[in-house]
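Residue numbers (the working numbering): 24 to 275.
Here you go:
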């Protein structure tokens, strides 16, 4: 068993985490650093990204960039690759949401979510793949709401996360000749600052727990293990896979 444990580590690898200052990004950034990676915490909030780097302590840097700006992402990733030699891992995690019924959702809200969750994910994956000279791994953040109809109005989030599911599969096939593996985690509702409006509602929590076989919400720490597995050599034969992290919700 012990001979397999190094496969789960990320020693000497350069990993970029987008949305790195958010709750999930922060947890994964710290875990990847602890697993031996040089971590680049990329976020549109530069001050928050620097705070995560301070928490990591060493072997990390912060980059302020907005994933919706394709040229800024290309430039940032090129600079990282130049200074580090290449990019080995991308946790393609930046995302936002604008909940609401389809008949009431503004086109501005629609465009904002598409720009980050879909177009921004495309910009980052493409920029990373350009600099994975000796192969690499990309882990996208999807959602079980991209694989089901959901149970409350959330049309643009579900549409973009459904796109992430299929972009993941498409890139897995397209970039396999480059030895770039592409997978995704698909969490259920995760208790974060971005979901606090939902998770602070006891009645809503009861509804979620009722449809979750493990009868609990996910926490940021629950996403860490699946991401590390997909980012590491432990999953060397895994590509194009969407890994639900949902307490059994989709298994029903």
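Quick reminder that beta carbons are idealized off the backbone N, C-alpha and C, glycines included.
Asked	Found
Burial state of residue 154 (16 or more Cβ within 10 Å)	buried
Nearest candidate by alpha-carbon position, reference residue 166, set 72, 264 and 90	264
Residues near residue 48 in its chain [Cβ-Cβ closer than 6 angstroms; skip 5 each side]	40, 42 and 116
Counted within 10 angstroms of its Cβ, other Cβ atoms place residue 118 as buried (16 or more) or exposed	buried
Residue 144 to residue 108 span [Cα, whole Å]	23 angstroms
Cβ-based burial, residue 225 [other Cβ within 10 Å; buried from 16]	exposed
Straight-line gap, residue 67 to residue 52 (C-alpha atoms, nearest Å)	16 angstroms
Among 78, 46 and 71, the one whose alpha carbon lies nearest that of residue 56	78
Host beta strand (DSSP E) of residue 61 (start-end)	61 to 66
Strand pairing of residue 84, partner residues [DSSP]	63
Exposure of residue 175, with buried meaning 16 or more beta-carbon neighbours within 10 Å	exposed
Residue span of the alpha helix (DSSP H) that contains residue 167, given as start and end	First-last for residue 167: undefined, no H or E at that position.
Neighbourhood of residue 195 by C-beta, 6 angstroms cutoff - its chain only, sequence neighbours within 5 removed	205, 262 and 263
Limits of the alpha helix (DSSP H) - the one that residue 253 falls within	243 to 254
Whole-number beta carbon distance between residue 255 and residue 31, since they are thought to touch under 8 angstroms	5 angstroms
Integer-rounded CB distance, given that residue 103 should sit under 8 angstroms from residue 64	Not confirmed; about 11 angstroms, so no contact.
Residue 180 vs residue 89 beta-carbon contact at 8 angstroms	no
Residue 201 - DSSP class collapsed to helix/strand/coil	helix
Residue ranges of each alpha helix (DSSP H) within the segment 112 to 153, 4 or longer	130 to 137 and 144 to 153
Local Cβ density within 10 Å of residue 141, reported as buried at 16 or more and exposed below that	buried
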